[in-house]
Amino acid sequence: MLKKLVNHRQISLTIVAKRSANIQSIDSNLGDRMKILNDNRQYLKTLELIDKHKNHIETCSNWVIIQALKACSELRDIQRGSSIHDLVSSRLKHDPYIFPALIHFYMQCGDIDRAQSLFDGSSKKTLNIYGAMMKGYIRNKQAKKAIDLFSEINNPDKFIINLLFNACAQLGTAKELSLVKKVSLNIPKSFHSDPFIQTSLIDALMKCGDTLAAQSLFDTIKTRNLFIYGAMMKGFIINSMAIKAINIFNQIKNPDRVLYLLFFNACAQLGTEEALNLTKKVSSNIPQVFLSDSNLLSSLLDALMKCGNTIYAQSLFERSKIHTLSVYSVMMKGFIINDMAPKAIDIFNNIHKDEFQRENNQDKILNLSNKMKNEFSRSDITIYLCLIKALADIGIFSISQSMVQQIPSSYLSDYRIQNSLISMWGKTGSMDEAERIFKTVSQLDHIGYTAMINSYGLNGMSMQAVELFRKMPKEFIDESAYVCVLNACSHSGLVAIARSIFNNISIKTDIIYTTMIDCLSRAAVFDEAQQLIDQFERDHMPVWSMYMALLSGARNEKNANLSQNIFDRMKKHFPELKSSLVSASILLSNVYASTGDHEKASNIRMELEKSGAKKKVGLSITEIDGKILQFRAHDQSHPRSTDIYIEADRISQELIEYGHKYDSSWITRPLQPDETIESVLCGHSERLAIAAHFIDNRKPKIIQITKNLRVCGDCHRVTKIIAALRQCEIVVRDANRIHHFYTNGQCSCNDYF
Numbered sequence: 105m106l107k108k109l110v111n112h113r114q115i116s117l118t119i120v121a122k123r124s125a126n127i128q129s130i131d132s133n134l135g136d137r138m139k140i141l142n143d144n145r146q147y148l149k150t151l152e153l154i155d156k157h158k159n160h161i162e163t164c165s166n167w168v169i170i171q172a173l174k175a176c177s178e179l180r181d182i183q184r185g186s187s188i189h190d191l192v193s194s195r196l197k198h199d200p201y202i203f204p205a206l207i208h209f210y211m212q213c214g215d216i217d218r219a220q221s222l223f224d225g226s227s228k229k230t231l232n233i234y235g236a237m238m239k240g241y242i243r244n245k246q247a248k249k250a251i252d253l254f255s256e257i258n259n260p261d262k263f264i265i266n267l268l269f270n271a272c273a274q275l276g277t278a279k280e281l282s283l284v285k286k287v288s289l290n291i292p293k294s295f296h297s298d299p300f301i302q303t304s305l306i307d308a309l310m311k312c313g314d315t316l317a318a319q320s321l322f323d324t325i326k327t328r329n330l331f332i333y334g335a336m337m338k339g340f341i342i343n344s345m346a347i348k349a350i351n352i353f354n355q356i357k358n359p360d361r362v363l364y365l366l367f368f369n370a371c372a373q374l375g376t377e378e379a380l381n382l383t384k385k386v387s388s389n390i391p392q393v394f395l396s397d398s399n400l401l402s403s404l405l406d407a408l409m410k411c412g413n414t415i416y417a418q419s420l421f422e423r424s425k426i427h428t429l430s431v432y433s434v435m436m437k438g439f440i441i442n443d444m445a446p447k448a449i450d451i452f453n454n455i456h457k458d459e460f461q462r463e464n465n466q467d468k469i470l471n472l473s474n475k476m477k478n479e480f481s482r483s484d485i486t487i488y489l490c491l492i493k494a495l496a497d498i499g500i501f502s503i504s505q506s507m508v509q510q511i512p513s514s515y516l517s518d519y520r521i522q523n524s525l526i527s528m529w530g531k532t533g534s535m536d537e538a539e540r541i542f543k544t545v546s547q548l549d550h551i552g553y554t555a556m557i558n559s560y561g562l563n564g565m566s567m568q569a570v571e572l573f574r575k576m577p578k579e580f581i582d583e584s585a586y587v588c589v590l591n592a593c594s595h596s597g598l599v600a601i602a603r604s605i606f607n608n609i610s611i612k613t614d615i616i617y618t619t620m621i622d623c624l625s626r627a628a629v630f631d632e633a634q635q636l637i638d639q640f641e642r643d644h645m646p647v648w649s650m651y652m653a654l655l656s657g658a659r660n661e662k663n664a665n666l667s668q669n670i671f672d673r674m675k676k677h678f679p680e681l682k683s684s685l686v687s688a689s690i691l692l693s694n695v696y697a698s699t700g701d702h703e704k705a706s707n708i709r710m711e712l713e714k715s716g717a718k719k720k721v722g723l724s725i726t727e728i729d730g731k732i733l734q735f736r737a738h739d740q741s742h743p744r745s746t747d748i749y750i751e752a753d754r755i756s757q758e759l760i761e762y763g764h765k766y767d768s769s770w771i772t773r774p775l776q777p778d779e780t781i782e783s784v785l786c787g788h789s790e791r792l793a794i795a796a797h798f799i800d801n802r803k804p805k806i807i808q809i810t811k812n813l814r815v816c817g818d819c820h821r822v823t824k825i826i827a828a829l830r831q832c833e834i835v836v837r838d839a840n841r842i843h844h845f846y847t848n849g850q851c852s853c854n855d856y857f
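First residue of the sequence shown? That's 105 in the working numbering, and the numbers climb one at a time after it.
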């Protein structure tokens, strides 16, 4: 019978419809088989099946055509779908089902114009057609058009109402919130009891910021399904109300994996010790089958990492057999946010190795290799962005250079990768590389400009930063751009230029104010800095970071009276920020120590010890022979510590012979009986890192160090001398900027730091 259909392709649809029951059965069976394949996401097999019947596709039932278009939609196969459209175009006026399927297909493929043309050409617009258009607009981030289309519809059904709420949720503005409330009051009462509508309405209210209205609606729902609970939890998380999301979770008897995922997301948002304990408790009771879900595992690992328990997260990761790219990227991000970038690099290096070690069968290893390659090709480059971020945090050129070579060339032309590389090279002190990439960025945007401006600022090239800012297209200038250029001015003392830029900013955020206050404070223009704080506080609550910027400037000037006054105001304004007051207390203690008032400095530190507060440990990272080495002050953990300290003593003698006198004002604690000023200062982490490069009579041409704290004044003077004496350029990135110590004994910061 199929041969007859092929030989009579011109027979009208009316005659075909009257064919024998046997033919109809074959056609129906074909559609059913295609649906089964589609339901199992075997879209290519669906199209292979329709290809076997391509000679009579125009006479196939709408059921078959719809399934074929569904497969094309999922595969984004615009060419195949368009061919089907051409073959069935004569049927569109008479078929109410293929029309919306075609609109859906074009929308899925991002061809909004073709979908719009179809819609405009339809003489009878059914709710299905309206729904396909609205859904397509929403999918393509054009929610406003979906809302406009809704206004044309008479008697919308619950599916159309649901799409309207989805569109309003996507925009999330006060205007859409008003529309959501208006429509929800006028829909049929039967809709209000529909879980489908209840869920989308809660979602819209939450995304428009009205958590109270969403809570009120939730409280009226007597029969709550898991989707409704999920909408509430997700809404509270979106609105930074993680505790409320956790409270909702505690009401659920049998949560599914999506709700567990949301619970872990809420704990991750809190990032507290209490949230960590909850995460561990819930994860220990979760059905083990759920942990085979990579998304759920990623959420759990993310919560553990953001709550600071990297050891438990790594243990869980190593025990798990689910090592997808999403899981790897969560681990990398987790180590990065916990200041453990070298471990993030280790995760990247082990992506393939970890998978291979889990399989003994060579065929399986080959399949895994192919699978990982395909997954990389489908990846949204997150894993490479994580890698680049880790390299930027480490800040060592040689390491970055070797790792970047592992990124496929096809990714290097992606503007997101390029923007990240600009930032990375800037943070490694390699401005030539940063400039080279900036000039070749495929889609230069505000992120690329900002990354380049920030790179100039970090490396003491502030005038170049200002010049690029002035060339920046006005539509690209945002808060980040202002902050970066003001920060660049701050690093070089360009107060007048910074003041001019600041005064021309129409909308000044707290971050912009803070950066300008930092610029003034570094230049010891304290009165003007204080005036800016007073100006801001006329209309806003006090901001912690502004006072820290002012206190840091007072510390640089060793102004104890001003520092104490600022600290007293901070305690008054921010009594609840006890952990943050620790850093301010340490700064104040350092000021007193630098002025010789060790009694007051000791008293402050004793109070900190009594409170249980922990001081941030100073660390210096460097690379020798391809290995990342990490040093603390007075570190004895390195296998060759004896040789390192011998070299440090040798360097110290050279410094003394050169005429250097160690500055005790940079020692912020009383000396122990077995200590000297020289031994304490020579034991600073960056001094040990430098010494490690010279053992075994090495003569490096360049040394690179990344330090998590600000370099002290004595170390800064010493490093300039070492660079000159040993004729070795030394690059040190501290917590504030990058110092290029040249072989002529000068530093790129011109001693302004």
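A virtual CB, placed ideally from N, CA and C, is assigned to each residue, including glycine.
Check	Outcome
Just list the residues that DSSP pairs Gln-734 with in beta bridges.	Ile-725
Under three-state DSSP, which class holds Ala-782?	Strictly speaking, residue 782 in this sequence is Glu, with Ala absent from that position. Correct three-state label for Glu-782: helix.
Can you grab the Cα-Cα spacing for the pair Phe-480 / Ile-161, in whole Å?	Confidence is the limiting factor: at Phe-480 the pLDDT is only 48, short of 50, which leaves the residue's position unreliable and the question unanswerable from this model.
With distance defined between alpha-carbon atoms, name the residue in Ala-346, Gln-392, Asn-358 nearest to Ala-379.	Ala-346
For Met-652, tell me which candidate among Ser-584, Lys-156, Ser-689 has the shortest Cα-Cα distance.	Ser-689
Between the C-alpha atoms of Leu-654 and Ser-388, what's the straight-line distance to the nearest angstrom?	47 angstroms
Which same chain residues, not among the five before or five after Val-431, have their C-beta less than 8 angstroms away from its C-beta?	Ser-398, Leu-401, Ser-402, Leu-405, Phe-421, Ser-424
Between which residues of its own chain and Ile-242 is the CB-CB distance below 7 angstroms, once the five residues before and five after are set aside?	Ala-250, Leu-267, Asn-270, Ala-271, Gln-274
Going by DSSP in three states, Cys-851 sits in which element: helix, strand or coil?	strand
Helix, strand or coil, according to DSSP, for His-843 in the structure here?	strand
Please determine, among Asp-638, Ile-526, Ser-514, the residue with the shortest C-alpha to C-alpha distance to Phe-501.	Ile-526
Taking only three categories from DSSP, how would you classify Arg-802?	coil
I'd like the span of the alpha helix (DSSP H) that includes Arg-754, first residue to last.	745-762
So what's Glu-256 in DSSP terms, helix, strand or just coil?	coil
Quick one: complete alpha helix (DSSP H) runs, 4+ long, within the stretch 470-550?	486-498, 501-508, 513-516, 519-531, 535-544
What residue from Phe-367, Val-393, Phe-394 has the CA that sits closest to Thr-383's CA?	Phe-367
Would Arg-841 be called buried (16 or more neighbouring beta carbons within 10 Å of its own) or exposed?	buried
Please report the distance separating the alpha-carbon of Lys-311 from that of Leu-374.	20 angstroms
Would you identify the three-state DSSP class for Val-629, choosing helix, strand or coil?	coil
Looking at the structure shown, is Lys-578 part of a helix, part of a strand, or coil, going by DSSP?	helix
Give the single residue among Thr-772, Pro-777, Arg-830 whose Cα lies nearest to the Cα of Ile-799.	Arg-830
Determine the direct distance from the alpha carbon of Ser-396 to that of Gln-510, and round the result to whole angstroms.	30 angstroms
With a threshold of 6 angstroms on Cβ separation, who are the neighbours of Ser-715 within its own chain once the five nearest residues in sequence on each side are excluded?	none
State the start and end residues of the unbroken beta strand (DSSP E) segment that holds Ile-771.	Neither: Ile-771 is in no beta strand (DSSP E) and is coded neither H nor E.
What separation, rounded to the nearest whole angstrom, lies between the Cα atoms of Asp-190 and Asp-136?	23 angstroms
Work out the CA separation of Ile-207 and Tyr-147 for me, nearest whole Å.	19 angstroms
State the DSSP-derived secondary structure class of Val-835, mapped to helix, strand or coil.	strand
Rounded to whole angstroms, how far is the Cβ of Lys-824 from the Cβ of Cys-851, which I believe are closer than 8 angstroms?	6 angstroms
By alpha-carbon positions, which one of Cys-819, Glu-779, Leu-775 ends up nearest to Ala-793?	Cys-819
By the 10 Å Cβ neighbour count, where 16 or more other Cβ atoms means buried, how is Tyr-617 classified, buried or exposed?	buried
So, is Tyr-762 buried or exposed, given that buried needs 16 or more other C-beta atoms within 10 angstroms?	exposed
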